[in-house]
Each structure stands twice: as structure tokens, then as C-alpha cells.
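Quick note: the sequence shown uses this note's numbering, first residue 3, plus one each step.
Backbone N, C-alpha and C define an ideal beta-carbon position, used for all residues, glycine too.
Source: prediction; values computed, not measured.
Okay, so here's the structure we're looking at.
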Amino acid sequence: MKAKEGLAVKIIKRFYGISGVLDEYKKSQVEHIGNNAFMLMFGYMMIANLLVTLFASKEPELALWIFIGCNIFFTVFIVCGYVLFATARLKLTENEVEAKDMAKEKKKTFLKGIGLGIYFAVAIHLLNGLLSMMLDEENFIDYIVSPDRIAASILGGCFFGGMMYLVLRLRLKKIEE
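Right under this line is the structure:
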């Protein structure tokens, strides 16, 4: 009988893109990748905080915006890029499927891509509505019922869902029995 996964294991598998069982090898590799990412992030934060402290005395608002932008860039592109590269290099993200189950897994992957696309379209549409309301002082209801903005969100959701389908489909590996 299959043991139930804890919340921490589900979060780890989701963050690192691991499908299937999180065995000892995968767990040790994930811990190694996480430790490296932490050390990279810690060094960056020490240097960034020092620089912001130095520059904040002259132009505090500019220093704040540069700090926020650099943090987002470093986190999204450098740290997440490292995690994606390392998990792919160690083949932790591959989903090994038996030949007889390949059609079923392809269908699950397709449906997952559609679900992720719908989720992305709805979430981005509502978040853009909130941002528009806060920044542009536009009415939230007018924003979310605008046909142009609905079409843009649907198009973005289709693109995102298609890209996620491709990523998930390329991770499927057929194994022979």
C-alpha cells in the first residue's frame, strides 16, 4: 500500500518539478541543490544590502526601486534558473512511463496543460484588474468585463498552457519493460 505524502514532500516535489516518488537519491540531490541556491542567495543578499545601505543616503527612493528590481531579477533568473538547470542535469524532473501507459500519460499531460492555462488566464486577469485599480485608478469591474482584456488574458492563458504542455510532454520518458 502506498504511504501518504506529507505537505512538505508535496511542496518540495512541486518546487523542483519532480514527479513520481521522492526516493533517497532524489531527496539528497534536492537538498544539495537547495543548499547551493541558499549559499548563492545569501552571498547576493549580503552584497546587495551593503550597497543599498551605501546608496540610500543620497537617493533613498531610487535605491529602493533598484534593490527591488535586482532582487526580483536575481531570484527569478539566477536562482530559479540554477534550480531548473541543476534538476534537469541530474534528470530529477524526468517522468519515466512504461510503454503501455504512454497514451494515458500523454492525455494526463494535455489535460494538465489545459488546467494550468485556465488557471493562469484567470489569475493574471484578476491580478491585472487589481493592479489597474490600484495604480491607474480604473474601476475593477470595468476592467474585468472589458472584451479586449478578456481576450488578452485568454491568449496569454493559451500560450502559457501550451508552453507548460510542451515542458511536461518533453519530460515524459518511455521505458521498456
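- Message: So for GLU140, helix, strand or coil by DSSP?
- Response: Look at GLU140 here: in three-state DSSP terms it is coil, with no helix or strand label.
- Can you tell which of ARG173, VAL124, ASP138, ILE177 has the C-alpha that lies nearest to the C-alpha of PHE162? For the residues ARG173, VAL124, ASP138, ILE177, the minimum Cα distance to PHE162 belongs to VAL124.
- Along the alpha helix (DSSP H) that carries GLU26, what are the first and last residues, could you check? According to the DSSP assignment, GLU26 belongs to the alpha helix (DSSP H) that extends over 26-57.
- Rounded to whole angstroms, what's the CA-CA distance from LEU94 to ILE74? Just pull it up for me. Approximately 26 Å between the Cα atoms of the pair.
- Task: Assuming ALA50 contacts PHE79 (C-beta within less than 8 Å), just tell me the rounded distance between them.
- Result: Contact doesn't hold; Cβ gap of about 15 Å is too wide.
- Along the chain, which unbroken stretches of the alpha helix (DSSP H) at least 4 residues long are found entirely within the region 60-90? For the region 60-90, whole alpha helix (DSSP H) runs of length 4 or above, ordered along the chain, are 62-75.
- Item | Collapsed DSSP secondary structure at MET135 in the structure displayed | When DSSP states are grouped into helix, strand and coil, MET135 belongs to the helix group.
- Query: In whole angstroms, what separates the C-alpha of ILE116 from that of TYR167?
  - Reply: Straight-line spacing of the CA atoms in ILE116 and TYR167 works out to 8 Å.
- Mapping DSSP to helix, strand and coil, what is LEU174? Looking at LEU174 - three-state DSSP - the assignment turns out to be strand.
- Message: Please list the terminal residues of the continuous alpha helix (DSSP H) segment that includes VAL11.
- Response: Note, VAL11: alpha helix (DSSP H), 9-18.
- Message: In the DSSP assignment, the beta strand (DSSP E) including GLU96 goes from what residue to what residue?
- Response: In the DSSP assignment, GLU96 falls outside any beta strand (DSSP E), carrying neither H nor E.
- Message: Using CA atoms only, rank isn't needed, just tell me which of LEU174, MET135, ASP25, MET43 is closest to LYS108.
- Response: LYS108 has its Cα closest to that of LEU174, out of LEU174, MET135, ASP25, MET43.
- Query: Is the CB-CB distance between VAL99 and ILE177 below 8 Å?
  - Reply: Yes; because the gap between Cβ atoms is below 8 Å, this pair is in contact.
- Message: Measuring only the C-alpha atoms, how far is ALA58 from MET41?
- Response: Taking the CA atoms as reference points, ALA58 sits about 25 Å from MET41.
- Beta-carbon spacing of SER155, TYR145 below 8 Å: No, these two residues do not count as a Cβ contact at 8 Å.
- Query: For ALA101, which residues from the same chain have a beta carbon less than 8 Å from its beta carbon, with the 5 sequence-adjacent residues on both sides left out?
  - Reply: Residues LYS176, ILE177, GLU178, GLU179 of the same chain have their beta carbon placed closer than 8 Å to that of ALA101, with the five preceding and five following residues left out of the count.
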